[in-house]
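Comments concern the structure below.
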Amino acid sequence: MKTFEMLKTKEPVKFKEFGDDIIEDVLKAYRWLIVYYLNETKNAFDEQVRENANDIFDARNNTQVHRAQMLGIAYAEHTAIQWAVNTYKDIEDMQIRQVLLRMPALYGLYSLEKHLASFYIGWLTQILFLSGSKLLKLPKLGNYCYGEAFGEGIHHAVRRLEADLLPDAATLVDAIAPPDFVLNSALGVSTGTPYEEMMKEFRAHTNPKPDWWQDLRDFLKENALTSKL
1 MKTFEMLKTK
11 EPVKFKEFGD
21 DIIEDVLKAY
31 RWLIVYYLNE
41 TKNAFDEQVR
51 ENANDIFDAR
61 NNTQVHRAQM
71 LGIAYAEHTA
81 IQWAVNTYKD
91 IEDMQIRQVL
101 LRMPALYGLY
111 SLEKHLASFY
121 IGWLTQILFL
131 SGSKLLKLPK
141 LGNYCYGEAF
151 GEGIHHAVRR
161 LEADLLPDAA
171 TLVDAIAPPD
181 FVLNSALGVS
191 TGTPYEEMMK
201 EFRAHTNPKP
211 DWWQDLRDFL
221 KENALTSKL
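Here UniProt numbering is used: the first residue of the sequence shown is 1, the next is one more, and so on.
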């Protein structure tokens, strides 16, 4: 699936300014972020191994929060955005493609906002990462960005994409929403009490016989006679 291809780059590109392709800017930021979290996780793990007398189990547990957990989240978010972009770029209709590409871009910007602190904390680290049979040498990292340009740029891009998506919002909801038969069922009511609504539906039809009960009865009788013979 080639989801680790970004680790083969010589050096993750640091932020300079937002360009015309906001999705590419989002993916570049994620590539830096994944390498950063990978460095942090590896360093924290090695430190925990030394402090816990080479206890690998405890070292892994103690490097989850703010380290391996965030690495996994960033990797999953990057993969989802990259796959969505790859899928939508194959759509021939330019107008539909443009609308659909705005969604992973907006999701990416919204998700990057949750990682803002990490973008401003880059530590100078360098590790060796084992990928299959090859050793990939990850580069030294500094801060991804300085000042307010990156954070303010994300906020501005989110507002712009929301405005661009507004005319197509109803159409997108209709395309993604569950079918009407689900919305009209006990699970689709707006009371916020789906279990109570399901019980009401069950009680409204006490011991009803299905339309095909006679067919099943005849089938069972026929098989019972055949088995006796």
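Every residue gets a Cβ at the ideal spot worked out from N, C-alpha and C, and that includes glycine.
Label Thr-41 either buried or exposed according to how many other C-beta atoms from any shown protein chain fall within 10 Å of its C-beta, with 16 as the threshold for buried.
Sequence index remark: in the sequence shown, residue 41 carries index 41 (1-based). With 16 or more other Cβ atoms within 10 Å, it is buried.
For Trp-212, name the three-state secondary structure that DSSP assigns.
Taking the sequence shown and counting its residues from 1, the one referred to as residue 212 is at position 212. Looking at Trp-212 - three-state DSSP - the assignment turns out to be coil, as it is neither helix nor strand.
Whose C-beta lies closer than 6 angstroms to the C-beta of Tyr-30 among residues of the same chain, with five residues either side of it excluded?
Locating residue 30 in the sequence shown gives position 30, counting from the first residue. Within the same chain, Tyr-30 has close Cβ partners His-78.
Can you give the Cα-Cα distance for Lys-8 and Val-85, rounded to whole angstroms?
Residue mapping note: residue 8 aligns to position 8 of the sequence shown, counting from 1. Residue mapping note: residue 85 aligns to position 85 of the sequence shown, counting from 1. Each residue's Cα considered, the two are about 20 angstroms apart.
What is the rounded straight-line gap between the Cα of Lys-200 and the Cα of Pro-208?
Here residue 200 is taken as the residue at index 200 of the sequence shown, counted from 1. Here residue 208 is taken as the residue at index 208 of the sequence shown, counted from 1. C-alpha separation (whole angstroms): 15 angstroms.
With a threshold of 8 angstroms, are at least 3 pairs of Cβ atoms found where one atom belongs to the region 19-30 and the other to the region 110-119?
yes
Could you check how far apart the C-beta atoms of Arg-102 and Asp-164 are, in whole angstroms? I think they sit under 8 angstroms.
One-based indexing of the sequence shown puts residue 102 at position 102. One-based indexing of the sequence shown puts residue 164 at position 164. The beta-carbon separation of Arg-102 and Asp-164, rounded to 6 angstroms, stays under the 8 angstroms limit for a contact.
Can you tell me the Cα-Cα spacing of Tyr-146 and Ile-22, whole angstroms?
For the purposes of this step, residue 146 is taken as residue 146 along the sequence shown, with counting starting at 1. For the purposes of this step, residue 22 is taken as residue 22 along the sequence shown, with counting starting at 1. Taking the straight line from one Cα to the other gives about 19 angstroms.
With DSSP collapsed to three states, give me the class of Asp-55.
The sequence position of residue 55 within the sequence shown is 55, counting from 1. DSSP places Asp-55 in coil when its eight states are reduced to three.
Buried or exposed, going by whether 16 or more other CB atoms sit within 10 Å of the CB of Val-65?
By one-based count along the sequence shown, residue 65 stands at place 65. That one is exposed.
Please look up how many angstroms separate the CB atoms of Ile-81 and Val-26, rounded, as I've assumed it's under 8 angstroms.
Looking up residue 81 in the sequence shown gives position 81. Looking up residue 26 in the sequence shown gives position 26. Yes, Ile-81 and Val-26 are in contact; Cβ-Cβ is about 7 angstroms, under 8 angstroms.
Helix, strand or coil: how does DSSP classify Thr-87 here?
One-based indexing of the sequence shown puts residue 87 at position 87. Of the three classes helix, strand and coil, the one that applies to Thr-87 here is helix, per DSSP.
What is the DSSP secondary structure of His-156, reduced to helix, strand or coil?
Here the question's residue 156 lines up with position 156 in the sequence shown. Three-state result, His-156: helix.
When the Cα atoms are used, what is the spatial distance from Glu-152 to Thr-63?
For the purposes of this step, residue 152 is taken as residue 152 along the sequence shown, with counting starting at 1. For the purposes of this step, residue 63 is taken as residue 63 along the sequence shown, with counting starting at 1. Thr-63 has its alpha-carbon roughly 31 angstroms from the corresponding atom of Glu-152.
Compute the distance between the beta-carbons of Tyr-120 and Lys-14, then report whether it is under 7 angstroms.
One-based indexing of the sequence shown puts residue 120 at position 120. One-based indexing of the sequence shown puts residue 14 at position 14. No, the Cβ-Cβ distance between Tyr-120 and Lys-14 is not below 7 angstroms.
Given a cut-off of 7 angstroms, decide if Leu-161 and Leu-106 are closer than it, judged by their beta-carbon atoms.
Indexing the sequence shown from 1 puts residue 106 at position 106. Indexing the sequence shown from 1 puts residue 161 at position 161. In contact: Leu-106 and Leu-161 (Cβ atoms closer than 7 angstroms).
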